[in-house]
Amino acid sequence: MRYLYLLLVVLSASVLFYATLDFPQWGDPNSPASLHVSPVYLQRSLEDTSVPNVVTSVLADYRGYDTMFETTVIFTAGLACFVLLRVFAPKMKDTYYRHIQSGVVLHIKGQTTLLDGSRDFERIDSRWVPADIILKTISRFLIPFIQLFALYVVAHGHHSPGGGFQGGVILGASIILLSISFDLRTGLEKIHERGLGLFSATGVFIYTGIGALCLILGKEFLNYGVLSKILPVDPVMARSLGIFGVEVGVAITVMAVMVSIYNYVSSEGRLDEGL
Amino acid sequence: MDSILEFIVGRYNYWLYILLMMIGLYAMISKNNLTKKIVGMNIFQTAIILFYISIGFKKGGTIPILEHTSHAVEVSHFVNPLPHVLMLTAIVVSVSTFGVALALAIMIYREHGTLEEDEILKCLEQ
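Protein chains in written order, with the working numbering: chain P, 5 to 279; chain W, 26 to 151.
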């Protein structure tokens, strides 16, 4: 059976290798892919949208529908993880508390929140190992800077490589780092599950809302130029601001969905103990 | 001799991506464990992403970020931005689909207690 699969793979590889004979040379400026629409994007990006980063202007303006539905796909993925995995009535698992001063661990049968507010005890996972103080300190030190960098990547996406998707992923990674280096409950204290759901819907709402606002003001869906009617700028600058608004929406959705996928997958939908 | 070398240099990147893609395809169709299949799917997606980025490259071109002062843009000085845009979204979507695939794998494990395909099929037949 394995040889059959190997034969199949070799067969499709040889067909693909044969197809590369017709390909343009690597780095050829006159390859068909570079002649069709991309020169128009490169030449008109500045006068149409006043955005120097052509990737951003193509992403959010020229191909705005594509990006809108990609954002919806990500939102749907987060929703799918929630629907598939979330368990609301967890099995009766035991609770563990550790006395911080002496290191004695209390093993309480069943679920309890008895000692949650206590200053002498901390709740720990069932597979708890003594925490590495270097890891905790470094991640506590780094997370604010990571988040600041994420905001820079979102806000500076017009002038440098960056934008909503990248910034959102960095922002989500900072919260996932918090959940990994401490435990899942610490991450959930910072952003609650309900907040994550709200954020992932808010991002899509901002994107489609800006599109619908253009429709209300009398132009096509996602035609940001018409926003100059309500903003004190000319239509070209209004496009730039519209792109920025859309990128913020994308960043919020991507951040919330990345964190919630991590939460659900790492705790098998119970949101009590993570990795 | 020179023409052969030029032929190879102009296409070897595509061949590497095909190789990577076939590794992913082989993992997807022949592996028995569902997690390995998912990893194979991710390798496959990575090959496609690299292929698209490679198409957009122009020799001597720089990143597609213009300057505010320049009036006429010389198109051949900037790489093609379109594949970058497509792959930018594809990367994030591939991460999300990876998450959904893992969620499905967890559900299958909950139901059958295994991720081996033949054992799951045996479970379903009973």
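We put the beta carbon where it would ideally sit given N, CA and C, even for glycine.
Annotation: Leu89 (chain P) is outside any beta strand (DSSP E); the continuous alpha helix (DSSP H) that includes it extends over Gly68 to Leu89.
Beta bridge pairing from DSSP links Leu110 (chain P) with P:Tyr101. Excluding the 5 residues flanking it on each side, Lys233 (chain P) has same chain C-beta neighbours closer than 6 Å at Leu221, in chain order. Residues of the same chain with a CB within less than 6 Å of the CB of Ile128 (chain P), apart from the 5 flanking positions on each side, are Tyr100 and Arg102 in chain order. Between Ser178 (chain P) and Val261 (chain P), the C-beta spacing is not below 9 Å.
Across the stretch 26-37 of chain P, CB contacts with chain W closer than 9 Å involve Phe27, Pro28, Gln29, Trp30, Gly31, Asp32, Pro33, Asn34, Ser35 and Ala37, in sequence order along the chain. Per DSSP, Ile137 (chain P) is one residue of the alpha helix (DSSP H) stretching across Ile137 to Ala159.
Of all alpha-carbon atoms in P:Ala37, P:Cys85 and P:Thr80, the one lying nearest the alpha-carbon of His109 (chain W) is that of P:Ala37.
The beta carbon of Phe103 (chain W) falls within 9 Å of a beta carbon belonging to chain P, placing the residue at that interface. In the three-state reduction of the DSSP assignment, Phe103 (chain W) falls in the strand class, which pools E and B. Taking 9 Å as the cut-off, the beta carbon of Cys85 (chain P) is found no closer than this to the beta carbon of Ile195 (chain P).
Taking all protein chains shown into account, Glu92 (chain W) has fewer than 16 neighbouring C-beta atoms within 10 Å of its C-beta and is therefore exposed.
In this structure, the straight-line span from the alpha carbon of Pro148 (chain P) to that of Ser106 (chain P) is close to 32 Å. A distance below 8 Å between beta-carbons, with the five flanking residues on each side excluded, links Ile78 (chain W) to the following residues of its chain, in chain order: Pro108, His109 and Met112.
In summary, Leu279 (chain P) is exposed, with fewer than 16 beta-carbon neighbours lying within 10 Å of its beta-carbon over all protein chains present. Sixteen is the threshold: when 16 or more other Cβ atoms of the shown chains lie within 10 Å of the Cβ of Gly124 (chain W), as they do, the residue is buried. For Thr87 (chain W), the three-state secondary structure derived from DSSP is strand.
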